[in-house]
Every structure is written in C-alpha cells, then in structure tokens.
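Structure first, commentary second.
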Amino acid sequence: MDTNTNVIEVTDLRRVYGGGFEAVRGISFSVARGEVFALLGTNGAGKTSTVELLEGLAPPAGGRVRVLGHDPYAERAAVRPRTGVMLQEGGFPSELTVAETARMWAGCVSGARPPAEALELVGLVRRSDVRVKQLSGGERRRLDLALALLGRPEVLFLDEPTTGLDAEGRRDTWELVRALRDSGTTVLLTTHYLEEAEGLADRLAILHEGRIAVTGTPAEVTAGQPSRISFELPEGYFLGGLPPLGELGVLSHEVDGRVVRLRTRELQRVATEVLVWASRAGVELRGLDVRSASLEEAFLGIAAQEVGA
Amino acid sequence: MSAMADRMAAGRVKALARAELTLFGRSKGMIVTAVFVPLVLPVSVRTVAEDMDLKGTGLNVGTVVLPGAIGFSLLFAVYSALVGVYVGRREELVLKRLRTGELRDGEILAGTALPAVTTGLVQSLVLAVACTVLLDVPAPKAPHLAVLGLLLGLAVCALLAAVTASVTRTVESAQVTALPLVMVAMVGSGMTVPLELLPDRMASVCELLPLTPVITLIRGGWTGELSVYETIGPVLTALAWTAAGVFAVGRWFRWEPRR
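Line by line, the protein sequences give chains A and B.
With my numbering applied, the first sequence has no gaps in its numbers, which climb one by one up to 685 at the end.
With my numbering applied, the second sequence has no gaps in its numbers, which climb one by one up to 722 at the end.
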C-alpha cells in the first residue's frame with residue numbers, strides 16, 4: 377500500500393433522507409494515512425450523516441466515497457476488515473455483560489485482539505461482569521471504543537467519542553487516540569467540543585447545514601479569524617475619546633453599555649495603542665480581555681450565519 | 464480462499480448466535496412463550512381431535528395432533544418469538560452496530576435467528592417422540608417428507624418473522640403484528656382442523672397459505688399417503704414462500720429505527 381495515498385477520499389458527497397431532507401449537500405475532503413481528521417459542527421450540521429456514508433452504512437445520493445481505495449458501501453467485504461467504527465449511540469443488547477459483548481464482537485472480527493486486551497485499552501476490565509444496562513453513559517462509550525479497536529483497524533471512525541464522558545475519561549480517550557495515531561492509525565472523528573478538535577486533530581472541517589464552511593489545520597482555520605479586545609470604558613470617556621480605530625487596524629467594533637469590543641488582525645498593535653492611551657490618560661481599563669483568534673471564534677462565527685441567513 | 468471465507472462466516476454466525484442464546488436464557492418471557500406454549504396447546508387440540516369424524520380421511524387422532532403440535536411450535540417458538548427479537552435488536556440499535564462490522568446482512572439475520580430456530584427444531588423432535596409414545600402414533604412411513612416439511616417450515620417462519628419485524632415499530636406491538644399469521648395458520652393451515660375435513664374450494668385456497676405445505680408434508684411423512692405428484696405442490700408452495708420471504712427481507716427489512 378502506497379503510504380502517500382489518501383486513506384479517505386470524499387468528492388461532492390450528498391445524502392438525502394426519505395422525506396427529501398438533504399443532510400449532506402456536496403462536501404469534499406481527504407484524509408491522509410496516519411492523520412486525525414475532525415468533523416466539527418453544531419447538532420444537525422450533517423456530521424453523523426457524513427460519517428455513516430464513510431462507514432458504508434448507506435449509499436450516497438450523489439458524489440463518491442473511497443475508503444482505503446474502495447467504495448465502503450458496495451465493496452463492504454474489502455473495507456470492513458480494515459476499519460473500526462464507533463457509532464454515536466452504541467447498540468449493545470442491554471442484558472449481556474461487558475465481557476460477553478466483547479467476546480461476541482471479537483468472534484465477528486478477523487484478526488481480533490483478545491477481548492480482555494481491548495477492554496484494558498479503555499480501562500473497562502474491572503467492569504467485565506457488569507451488564508451493559510448497568511453501565512454509565514461514559515462506560516458505554518468506552519465499551520463502544522473497545523469494540524471499534526478489537527480488529528486493530530487501519531482506519532477508525534469515531535462519532536462523538538467523548539460525549540457523556542467526564543473530564544478524566546475524555547482525557548484518557550484523547551491520549552488513546554493520540555497513541556493510535558502515533559502507531560499509524562488514521563482517525564476520523566466528529567465532535568462538537570472545540571477543544572477536542574483543536575487538541576486532537578491534525579486537520580479539521582467545520583460543517584454547517586450540510587456543507588463544509590472551513591477546512592484546514594486548526595492553525596489555518598483560526599488564522600482566518602480576527603482577534604478580540606474588550607474592556608469597559610472608564611467613567612467620563614466616550615468611544616470618540618480613543619485614538620481613531622480605523623487607523624489602529626480595528627476591523628469592527630461594538631459598544632454594549634460601557635463595554636467596548638474591538639476585532640482586529642493586528643492584535644499586538646491594537647492592544648499596545650489602547651494600553652498606551654489608557655496609561656497616558658491615567659485610567660484603569662476594567663474587564664480588560666485580550667484574546668487571540670481561536671477555533672471557538674471561527675465556530676461561533678459560522679454557527680451565527682444560521683441566524684443571519 | 465472461498466473455504467476460508469466460509470469458515471470465517473460460520474465463525475461470525477456462531478459468535479452472534481452464542482450471544483443470542485445467552486440473551487434468550489435471560490428473558491423469562493421468551494422462555495415461557497417459546498417453550499411452554501407450544502408444548503401445552505396441543506393438549507387442548509387433542510380433545511377436539513378426539514371428537515372429529517375422521518372416517519375415510521386416512522387420519523387418526525395422532526396424525527391430526529402431531530403435525531398441529533409441530534405447527535404450534537413453529538408459530539410460537541420460531542415465528543412470534545423471532546419477530547420480537549428482530550424488533551428488539553433493531554430498536555436497541557444492535558442491528559445497526561452489527562452492520563458496521565464484517566458480518567454480512569444474511570449472517571446477522573441468521574445468527575440472530577439461530578437460537579429460536581434451534582428451539583423449534585428441538586421442540587418438534589420432542590413432540591414427535593412424545594406423540595409416538597403417548598398417542599400411539601406409529602413410526603413415520605415417509606420420514607424424509609416430514610424432515611423436508613420441518614426444514615421448510617423453519618425457513619419460512621424465520622423469513623416471515625423478519626418481514627413482520629419490518630412493519631413493527633416496538634417490541635410491544637410485535638405481539639399484535641404477529642397475530643394475523645398466527646391466527647390464519649392455526650385455522651387454515653391444517654393445524655387444528657385437517658384440510659381433508661374442509662370443503663374442497665376452501666381447502667384449495669388454504670393450500671396456498673405459508674404453513675399449509677409444511678403441515679401437509681409433515682402429516683404425509685407420517686401417513687405415507689402422499690404420492691410424488693401430491694408432494695410437488697406443497698414443496699413448490701413452500702419454496703415460493705421462501706423465495707418471497709428472501710425478496711421481501713432484502714427489499715424492506717429495516718436495520719435501524721425510524722428517525
């Protein structure tokens with residue numbers, strides 16, 4: 377296998393549900409071997425609809441998907457032994473124990489790890505004899521992850537892997553995903569946690585209403601966004617009392633009561649000018665907040681389009 | 464290569480069937496409907512059969528009760544039970560999860576069905592032995608027909624259970640959606656009243672019902688009174704239902720809950 381080829385290739389992909397609702401409206405992206413790629417988006421953005429097409433659970437209404445060079449729906453037998461899947465909601469019989477579930481799944485996977493080893497990876501070994509119905513939501517997510525890892529997959533699809541996990545469980549999962557990536561596994565995950573995408577993904581795409589709004593490395597995506605400065609205007613001062621904003625490199629500003637918010641691509645220069653001005657005027661800027669562009673900005677900016685549209 | 468693929472497929476079905484068997488053992492409701500109902504109902508049929516005028520039909524109480532009892536087993540232990548199992552696994556998203564793996568669709572349906580089908584098979588053997596001992600039924604004169612009938616019955620019941628599950632939304636409503644076939648089969652497939660006792664025109668319609676050929680073949684297996692020509696009709700009818708079932712499942716089976 378050529379290591380340079382893309383493990384996942386998606387071209388102009390579409391998905392339409394029975395009622396005519398178009399959940400995925402022509403998206404394209406590719407994921408290279410050993411990369412962690414995150415699909416980010418609000419609920420209903422089309423993340424799960426997209427991942428299910430990559431997993432081969434349904435045929436696309438239009439466009440093309442290739443996983444490891446094959447059509448995951450039509451050439452299921454060629455793809456499935458090499459992929460691991462974690463659905464958004466685990467589907468396990470509630471009356472089976474953790475160990476029985478893992479053993480059943482191991483029997484359905486070629487070249488499976490020993491079930492106990494998979495449970496060990498996600499820290500569920502001591503819950504082996506517990507019925508699935510008695511597991512917490514987070515434990516169920518971890519069981520699902522263990523099953524996805526049973527076949528030592530080359531490509532791993534994780535649909536909201538940390539939803540329902542506590543902070544510690546989330547960190548454990550992140551470490552596991554990083555370790556898998558380091559050993560060469562390609563990971564495609566969906567999430568609505570920005571820090572998860574920012575911390576884990578080599579590249580990401582933000583989905584909005586079935587389309588890709590932005591894609592790139594986390595740094596590239598945030599670089600397109602302006603930085604932000606906000607502070608309270610001191611008593612007796614008005615916006616007009618500040619140095620001319622346009623000349624400072626402020627892209628836009630808003631005043632909310634006494635709070636001023638400035639957006640700029642030249643954070644250092646604007647911050648310096650504002651602080652120098654305050655120092656000369658001998659005033660204290662309460663609530664001063666200077667922050668670089670973040671994924672959150674990008675995400676909220678895109679989600680807000682919904683309201684504006 | 465293909466032998467290896469077959470072995471792997473068999474391994475997957477076995478792993479799934481083993482889990483299903485565990486679940487079967489943990490569901491008291493399933494055990495009661497699947498094991499006791501088919502073994503108890505025939506007793507009531509026996510009292511009815513003893514009042515029937517069987518002269519000139521070539522039948523006796525034993526050859527009326529035994530095929531009927533096997534029919535009950537197929538209807539309750541296999542068909543009704545499986546409708547609930549398929550719907551339950553679908554609503555718990557188990558079927559969807561299984562479909563993300565290497566199992567093929569047919570393997571998922573087969574593995575899930577195996578415990579119920581096995582129950583039906585074992586019950587039929589128990590019933591055959593019990594009737595032979597308790598009702599003085601002689602040994603079957605054409606056992607191959609009885610075996611053929613039973614195997615076709617198991618296939619038709621499992622397939623129709625999957626079809627019925629496709630139109631069933633919840634496990635609770637499975638008891639309702641399974642009812643039409645159960646009622647029709649009990650009345651019209653020769654399980655309680657042999658077709659020989661029905662008016663000719665009604666009998667020829669009833670011959671086309673899904674379980675009628677099964678009962679006819681099993682009964683013929685014991686009486687030995689089916690000619691080769693008389694065997695072809697029921698076998699073709701049963702095969703037609705099997706083919707229709709395969710087609711319907713492939714086309715309409717629902718693998719995940721409605722959104």
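Just so you know, even glycine gets a beta-carbon here, dropped at the ideal spot from N, CA and C.
Since this is a predicted model, take the numbers as computed values, not measurements.
The beta-carbon separation of A:G402 and A:L389, rounded to 7 Å, stays under the 8 Å limit for a contact.
Interface flag for B:T575 against chain A is unset, since no Cβ pair is found closer than 8 Å. B:F487: not part of any beta strand (DSSP E); member of the alpha helix (DSSP H) spanning S465 to R489, first to last residue. Taking the CA atoms as reference points, B:K491 sits about 45 Å from A:R554. Here B:A641 has Y542, S543, V546 and T627 as same chain residues with Cβ atoms under 7 Å from its own Cβ, once five neighbours each way along the sequence are excluded.
Taking the Cα positions, A:G612 is about 13 Å away from A:A654.
For A:A555, the enclosing alpha helix (DSSP H) has its first and last residue at A543 to D558. Boundaries cannot be given for A:H446, as no alpha helix (DSSP H) includes it and DSSP labels it neither H nor E.
Residues of the stretch 444-472 of chain A that bring their beta carbon within less than 9 Å of a beta carbon in chain B comprise R452, A453, R456, P457, T459, G460, V461, M462, L463, E465, G466, G467, F468, P469, S470, E471 and L472, in sequence order. Cβ proximity to chain B below 8 Å picks out E476, T477, R479, M480, W481, A482, G483, C484, V485 and S486 from the stretch 473-499 of chain A. Here DSSP, grouped into helix, strand and coil, assigns A:S606 to strand.
Pairing B:Y692 with B:L702, the inter-Cα distance amounts to about 16 Å.
Among the residues of the stretch 606-631 of chain B, none has a Cβ less than 9 Å away from any Cβ of chain A. Of the candidates B:A593, B:G708 and B:R567, the residue whose Cα lies closest to the Cα of B:G616 is B:G708. Apart from the 5 residues on each side of it in sequence, A:E476 has no Cβ closer than 6 Å to any other Cβ in its chain. For A:D665 and A:D578, the gap between their C-alpha atoms comes out near 29 Å. Neighbours of B:R475 in chain A, taken as residues whose beta carbon is under 8 Å from its own, are G483 and C484 in chain order. Taking a cut-off of 8 Å on C-beta distances, the stretch 672-679 of chain B touches the stretch 644-655 of chain B, as three or more cross pairs fall below it.
Under DSSP, B:A573 shares a beta bridge with no residue. Residue environment: A:D558 is assigned as exposed (fewer than 16 neighbouring CB atoms within 10 Å of its CB, all protein chains considered). Buried is the label assigned to A:V646, since at least 16 other Cβ atoms lie within 10 Å of its Cβ.
Exclusion of the five residues before and after A:G540 leaves G513, G514 and R517 as the residues of its chain whose Cβ lies within less than 7 Å of its Cβ. In the DSSP assignment, A:A399 falls within the unbroken beta strand (DSSP E) covering E398 to A408. No Cβ-Cβ contact shorter than 8 Å links A:R489 with A:L463. Annotation: Cβ neighbours of B:M471 in chain A (cutoff 8 Å, chain order): S486. Distances from the CA of B:C620 to each of B:S636, B:G521 and B:T582 were compared; the closest alpha carbon is that of B:T582. Sorting A:V636, A:L444, A:G445 and A:S486 by C-alpha distance to the C-alpha of B:M471 places A:S486 at the top. Not a single C-beta of chain B is nearer than 8 Å to the C-beta of A:E630.
Legend: CB atoms of the stretch 402-433 of chain A lying less than 7 Å from CB atoms of chain B belong to residues E431 and L433. Here the C-alpha atom of A:S470 lies approximately 26 Å from the C-alpha atom of A:A434. Under DSSP, A:E630 forms a beta bridge with A:R637.
At least one CB of chain A lies nearer than 8 Å to the CB of B:K559. Rounded to whole angstroms, the gap between the alpha carbons of B:L689 and B:A609 is 11 Å. DSSP places B:M649 in the uninterrupted alpha helix (DSSP H) bounded by L642 to G651. The continuous alpha helix (DSSP H) containing B:R509 extends over residues V500 to E513. Runs of alpha helix (DSSP H) with 4 or more residues, each lying fully within the stretch 419-479 of chain A, are found at 423-431 and 452-455, listed in chain order.
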